[in-house]
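Residues in the sequence shown are numbered from 3 upward in steps of one, following our numbering.
Yeah, the Cβ is synthetic: ideal placement off N, Cα and C, and Gly gets one too.
Here's the structure, in structure tokens; my notes come after.
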Amino acid sequence: MHAMQYSVTLPADYDMEIIRHRVRTKGHLLDTFEGLGLKAYGIRERGTDGSPVNQYAPFYLWADQAAMNRFLTGDGFRGVIRDFGRPAVHNWQGLYHRPGPAAGHTPDTFTRRTEPLPESADVATAIEDALATHEKLAATEAVHTTALGLDPHHWELVHFTLWTDAAPEPATGERFQVLHLSTPGLARLGGGRQW
3 MHAMQYSVTL PADYDMEIIR HRVRTKGHLL DTFEGLGLKA YGIRERGTDG
53 SPVNQYAPFY LWADQAAMNR FLTGDGFRGV IRDFGRPAVH NWQGLYHRPG
103 PAAGHTPDTF TRRTEPLPES ADVATAIEDA LATHEKLAAT EAVHTTALGL
153 DPHHWELVHF TLWTDAAPEP ATGERFQVLH LSTPGLARLG GGRQW
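Shown next, in the form of structure tokens:
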């Protein structure tokens, strides 16, 4: 499994209905994309849930890297580049994925938190601690899906959780509204530890 996200930050006065319309008319195109586990079409709106920006920031869990590469070089991503410029794409190795009790329901939000691993940290211990946190989180009533990834280039963890309601306090990290969820290969991601 691979986790991936890119963010398109938009002007403060940008009409976010343009993004909503884009997702309503094009979001279904990845509902059957082979090799994609899930894509959460996420947005943040300036002044909502503490967001300082307007942003389109979809989050992906890929079942295989070849599918991710096919997407990044295909027509769908070319459309993103054409309309918004080429964004930096963040990628994390999958360490953990598990559906939660609300996996059969449509998620409203997702949270994403990145956690830098200091030079002094024992990486294996930090990962084990994060895995234990996700094991507990996966049993939370409003959790649709939770995942953990590692970027060994920047030595950071990414914590990603889909919620069927507003993310409860004290859920930490950036909060995104989910406009659409594509899950063509969610079952192929498996469940539990990948590490």
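Where residue i sits in the DSSP three-state scheme
| i | result |
| --- | --- |
| E121 | coil |
| M70 | helix |
| A128 | helix |
| R48 | coil |
| T135 | helix |
| E143 | coil |
| A149 | strand |
Residues near residue i in its chain [Cβ-Cβ closer than 8 angstroms; skip 5 each side]
| i | result |
| --- | --- |
| R26 | L181, H182 |
| G194 | Y98, H99, R100 |
Spatially closest choice to residue i from the options, by CA coordinates
| i | options | result |
| --- | --- | --- |
| M6 | G78, L40, V145 | L40 |
| P54 | A68, G193, H136, E176 | E176 |
| P154 | E121, S184, D131 | E121 |
| G96 | T34, L133, R84, P186 | L133 |
| R48 | D124, G192, P13 | P13 |
| R24 | G102, P60, L74 | P60 |
| T135 | V160, I45, H156 | V160 |
| A128 | T147, L152, T34, G102 | L152 |
| T148 | L74, G192, P186 | G192 |
| A104 | V145, L74, M3, I45 | V145 |
| H156 | S184, N93, E130 | N93 |
6 angstroms CB neighbourhood of residue i in its chain, flanking five on each side removed
| i | result |
| --- | --- |
| L188 | G39, L40 |
| V10 | Y58, F86, P89 |
| Y16 | N56 |
| G29 | Y43, H182 |
| D51 | R177 |
| A123 | none |
Own chain residues within Cβ distance below 7 angstroms of residue i, not counting five before or after
| i | result |
| --- | --- |
| E158 | T116, E117, P118, L119 |
| R190 | G39, A65 |
| A169 | T111, T113, R177 |
Runs of alpha helix (DSSP H) lying entirely within the stretch 50-117, each at least 4 residues, in chain order: Inside the stretch 50-117, DSSP marks whole alpha helix (DSSP H) runs of 4 or more residues at positions 67-74, 77-86, from first to last along the chain.
Three Cβ pairs or more, each shorter than 8 angstroms: is that satisfied between the stretch 107-116 and the stretch 154-165? Yes, since at least three Cβ pairs between the stretch 107-116 and the stretch 154-165 fall closer than 8 angstroms, the two stretches touch.
Is the stretch 134-143 touching the stretch 63-79 in the sense that three or more CB pairs, one from each, lie closer than 8 angstroms? Output reads no: the stretch 134-143 does not touch the stretch 63-79.
Enumerate, from N- to C-terminal direction, the unbroken beta strand (DSSP E) stretches of 3 or more residues contained entirely within the stretch 5-46. With a minimum length of 3 residues, the continuous beta strand (DSSP E) runs that stay inside the stretch 5-46 are 10-12, 38-46.
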